[in-house]
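Under our numbering, the residues of the sequence shown are numbered 1 to 489, in order.
What follows is a set of notes on a single structure, which appears directly below.
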Amino acid sequence: MLNLPSPRAEVLDRRQQIARDLRALLGRDDLLITSANELKGYETDGLACYRTVPMLAVLAEDTAQVAAVLRYCHDNEVPVMARGAGTSLAGGALPQQDTVVLGLSKMNEILEVCAENQTARVQAGVTNRNISTAVDDLGLFYAPDPSSQIACTIGGNVAMNSGGAHCLKYGVTTNHILGVTFVTMEGAVVEIGGEAFDLPGYDLLGLIVGAEGQLGVVTEVTVRLMPKPEAARPLLAGFDSALDAGACVAAIMATGRTPVAIEFMDRPAILACERFTGAGYPTDAQALLIIEVEGSEAEIEIELAFVEAMAREHGATSISVAEDIVSAENIWKGRKSAFGAIGQISPDYLCMDGTIPVTKLPDVLEQIYAIGDRYGFEIANIFHAGDGNMHPLIMYDSHQPGVLDRVEDCGAEILCVCVEAGGCITGEHGVGIEKRDHMPLMFSPEDLEQMKALKRGFDPKWLLNGGKVFPLTETGIPAGQIDPTQGLH
Ligand SMILES: Cc1cc2nc3c(=O)[nH]c(=O)nc-3n(C[C@H](O)[C@H](O)[C@H](O)COP(=O)(O)OP(=O)(O)OC[C@H]3O[C@@H](n4cnc5c(N)ncnc54)[C@H](O)[C@@H]3O)c2cc1C
Numbered sequence: 001m002l003n004l005p006s007p008r009a010e011v012l013d014r015r016q017q018i019a020r021d022l023r024a025l026l027g028r029d030d031l032l033i034t035s036a037n038e039l040k041g042y043e044t045d046g047l048a049c050y051r052t053v054p055m056l057a058v059l060a061e062d063t064a065q066v067a068a069v070l071r072y073c074h075d076n077e078v079p080v081m082a083r084g085a086g087t088s089l090a091g092g093a094l095p096q097q098d099t100v101v102l103g104l105s106k107m108n109e110i111l112e113v114c115a116e117n118q119t120a121r122v123q124a125g126v127t128n129r130n131i132s133t134a135v136d137d138l139g140l141f142y143a144p145d146p147s148s149q150i151a152c153t154i155g156g157n158v159a160m161n162s163g164g165a166h167c168l169k170y171g172v173t174t175n176h177i178l179g180v181t182f183v184t185m186e187g188a189v190v191e192i193g194g195e196a197f198d199l200p201g202y203d204l205l206g207l208i209v210g211a212e213g214q215l216g217v218v219t220e221v222t223v224r225l226m227p228k229p230e231a232a233r234p235l236l237a238g239f240d241s242a243l244d245a246g247a248c249v250a251a252i253m254a255t256g257r258t259p260v261a262i263e264f265m266d267r268p269a270i271l272a273c274e275r276f277t278g279a280g281y282p283t284d285a286q287a288l289l290i291i292e293v294e295g296s297e298a299e300i301e302i303e304l305a306f307v308e309a310m311a312r313e314h315g316a317t318s319i320s321v322a323e324d325i326v327s328a329e330n331i332w333k334g335r336k337s338a339f340g341a342i343g344q345i346s347p348d349y350l351c352m353d354g355t356i357p358v359t360k361l362p363d364v365l366e367q368i369y370a371i372g373d374r375y376g377f378e379i380a381n382i383f384h385a386g387d388g389n390m391h392p393l394i395m396y397d398s399h400q401p402g403v404l405d406r407v408e409d410c411g412a413e414i415l416c417v418c419v420e421a422g423g424c425i426t427g428e429h430g431v432g433i434e435k436r437d438h439m440p441l442m443f444s445p446e447d448l449e450q451m452k453a454l455k456r457g458f459d460p461k462w463l464l465n466g467g468k469v470f471p472l473t474e475t476g477i478p479a480g481q482i483d484p485t486q487g488l489h
């Protein structure tokens, strides 16, 4: 685990100097946060076991301010990190103590909606949910739906290439981004992509989406909108064993008849979510699948009959279908509150994020439970099962001395199992600080060197969001620019 230090005297001195410079540069005082108390609001993200108070924060209001701050940081060798809503579960938005946090949450305007072309241009700090809300009356929506969608920003989604329950049918963020306004570390403002598909030249958009804020800062995004389906209905299928439920998912996917969403919850998750939201989940089940289908009423009836037959064939002990919009919303509210619900039954948890081929679900689940037993941790599993994106939540109590080290070892073993099963160490949460030291599980030194060369091309002084993504031993970052306390194992 990281032993996070208190600010060094030189950091505090530098803070005063940089604050003076940025105030003068921006001509504003109210955009800066410098008091240690207020900076505590920026000390962590969704990976709350790690905290470091940053040097200072700037809350930008437009692209010109972002460019000015980045140029200043580049010229003066100041580490800097973009921050959206700070919901990253991989520690992507964890600052270091000598970092300027460049907050984008004030840039939250929907700039333009084009219903004819089914596109919207929005500022990076707009929340994911607000995009869909803004175009709801037009019969459109923005498809990728991370469970954090009421809080997380589109800029953060672009950085992490976020997914969500309905990405099984619609695809993840990268499939829905047409263009971005991108500010380089040197402060140049670049338009990448546009409103049309497949522009000539290098696919820089493909590079920026999922780059974890390592290459530059996104200030505006053009998203693709989709027509809302005529109707959608979720079905709940309870099982006596997680393995039966896993086998059912694999069997449904093998038919090629892809529902919009297939979400999995095991017993600890079912009980926690039901207690938290009263979603109507079967509390006697050992595992639950939420399977949603959509289309016209006739199509829905046909697809529900198919899904029900598959579930029964694989030993479902209970089946129920949402009767109306309210019960459908309750079912999704339960699922989307799952992490909060687990927080109610366990003082702390670490949410892992690995992806596996769907056919390996039963086998991998069995191994995850065995690993949890060996370490003495209860593990709740809640995940996007249709695309094999697993989220084992390792429950623990941080008051127990040394427990975080064991939790991380347990998590590392789970990721190894995912990789051995033919999967990978992240499905949608990214690498951040959490999985940086697991990168060699998947990438050779040569692979990592190519990625680092790319990073240096955009950020030669390695100032942007340092200490993330690359294993500490591999970073080549100048000493003092990485977290001085070394990292996770
Ligand atoms: C309860 C909960 C449920 C979640 N469910 C899901 C889920 O279903 N699917 C999923 O994929 N994720 C999920 N997440 C993770 C998280 O919400 C996503 O990674 C999200 O995209 C982060 O957005 P953010 O605005 O909070 O970004 P932040 O956490 O602020 O930042 C994340 C990273 O993006 C970079 N960044 C942020 N904004 C910009 C920008 N404008 N330009 C460049 N870089 C930027 C940051 O530097 C950082 O590295 C969940 C998190 C929580 C807490």
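C-beta atoms are modelled at their ideal positions from N, C-alpha and C, and glycine is treated no differently.
Thinking C-beta only, is Asp-363 closer than 8 Å to Gly-315? The sequence position of residue 315 within the sequence shown is 315, counting from 1. The sequence position of residue 363 within the sequence shown is 363, counting from 1. Not in contact: Gly-315 and Asp-363 (Cβ atoms no closer than 8 Å).
In the DSSP assignment, the alpha helix (DSSP H) including Ser-318 goes from what residue to what residue? Here residue 318 is taken as the residue at index 318 of the sequence shown, counted from 1. Taken as a continuous stretch (DSSP letters only), Ser-318 belongs to no alpha helix (DSSP H), being part of the beta strand (DSSP E) at 316-321.
Can you tell me where the alpha helix (DSSP H) holding Ile-416 begins and where it ends? In the sequence shown, residue 416 corresponds to position 416, counting from 1. With the sequence shown as reference, residue 416 is identified as Cys, and Ile is not the correct amino acid for it. Note, Cys-416: alpha helix (DSSP H), 403-420.
Go through its chain and collect everything with a Cβ distance to Met-390's Cβ below 6 Å, but skip five positions before and after it. Working through the sequence shown from its first residue, we reach residue 390 at position 390. The residues are Gly-354, Phe-383.
Can you tell me the Cα-Cα spacing of Ala-134 and Ile-110, whole angstroms? As a position in the sequence shown, residue 134 is number 134, starting the count at 1. As a position in the sequence shown, residue 110 is number 110, starting the count at 1. If I take the Cα positions, the gap works out to 8 Å.
Does DSSP put Ile-433 in a helix, a strand or coil? Sequence index remark: in the sequence shown, residue 433 carries index 433 (1-based). Of the three classes helix, strand and coil, the one that applies to Ile-433 here is coil, per DSSP.
Count the other CB atoms within 10 Å of the CB of Leu-12; is the residue buried (16 or more) or exposed (fewer)? Indexing the sequence shown from 1 puts residue 12 at position 12. The residue is exposed, with fewer than 16 neighbouring Cβ atoms inside 10 Å.
Evaluate contact between the segment 92-104 and the segment 396-404, counting only Cβ atoms and requiring at least three cross-stretch pairs below 8 Å. no
Can you give the Cα-Cα distance for Pro-282 and Ala-338, rounded to whole angstroms? In the sequence shown, counting from the first residue as 1, residue 282 sits at position 282. In the sequence shown, counting from the first residue as 1, residue 338 sits at position 338. Cα-Cα distance, rounded: 15 Å.
Using alpha carbons as the reference points, say which of Ala-165, Ile-371, Ile-325, Gln-367 lies closest to Glu-230. Looking up residue 230 in the sequence shown gives position 230. Checking every option, the nearest Cα to that of Glu-230 belongs to Ile-325.
Tell me which residue opens and which closes the beta strand (DSSP E) that Ala-261 is part of. For this step, residue 261 is matched to residue 261 along the sequence shown. Counting along the chain, the beta strand (DSSP E) containing Ala-261 begins and ends at 261-266.
Going by other Cβ atoms of all chains shown within 10 Å of its Cβ, with 16 needed for buried, is Pro-144 buried or exposed? Indexing the sequence shown from 1 puts residue 144 at position 144. Under this definition Pro-144 is a buried residue.
From the DSSP secondary-structure annotation, give me the bridge partner or partners of Phe-141. Along the sequence shown, one-based indexing puts residue 141 at 141. DSSP, once it has assigned bridges, lists Met-226 as partnering Phe-141.
Backbone secondary structure at Glu-292 - three-state DSSP: Sequence index remark: in the sequence shown, residue 292 carries index 292 (1-based). Here Glu-292 sits in strand by DSSP.
Where in the segment 51-89 do unbroken runs of the alpha helix (DSSP H), each at least 4 residues long, occur, reported from the N-terminal end onward? 63-76
Opening and closing residue of the beta strand (DSSP E) in which Phe-182 lies: Start at 1 with the first residue of the sequence shown, and residue 182 comes out as number 182. Run containing Phe-182: 177-183, per the beta strand (DSSP E) assignment.
Our contact map puts Ile-371 next to Ile-414 with C-beta atoms below 8 Å; I'd like the distance itself, whole angstroms only. Position 371 of the sequence shown holds residue 371. Position 414 of the sequence shown holds residue 414. So it is a contact: roughly 6 Å between Cβ atoms.
Assigned secondary structure, Glu-191 (DSSP; H/G/I helix, E/B strand, else coil): Locating residue 191 in the sequence shown gives position 191, counting from the first residue. Looking at Glu-191 - three-state DSSP - the assignment turns out to be strand.
Near Gly-84, which residues of its chain fall below 6 Å by C-beta distance, leaving aside the five closest residues on each side in sequence? As a working mapping, residue 84 is identified with position 84 in the sequence shown. Closer than 6 Å at the Cβ level, and outside the excluded window around Gly-84, lie Leu-104, Thr-153, Gly-155, Gly-156.
N-terminal and C-terminal residue of the alpha helix (DSSP H) that Arg-456 is part of: To locate residue 456, count along the sequence shown from 1; it is residue 456. Counting along the chain, the alpha helix (DSSP H) containing Arg-456 begins and ends at 445-458.
Using only the heavy atoms of ligand 1, determine whether one of them is closer than 7 Å to the beta carbon of Leu-89. As a working note, residue 89 is residue 89 in the sequence shown. Under cutoff, so the answer is yes.
On the premise that Val-183 lies in contact with Thr-219, defined as a C-beta separation below 8 Å, what is that separation, rounded to the nearest angstrom? The sequence position of residue 219 within the sequence shown is 219, counting from 1. The sequence position of residue 183 within the sequence shown is 183, counting from 1. Between Val-183 and Thr-219 the Cβ distance is about 6 Å, and since that is below 8 Å, they are a contact.
Considering only the beta carbon of each residue, do Val-419 and Val-469 sit closer than 8 Å? Reading the sequence shown from its first residue, position 419 is the one you call residue 419. Reading the sequence shown from its first residue, position 469 is the one you call residue 469. No.
Is it buried or exposed for Asn-37, if we count other Cβ within 10 angstroms and need 16 for buried? As a first step, residue 37 is located in the sequence shown; it is residue number 37 there, counting from the start. Asn-37 comes out exposed.
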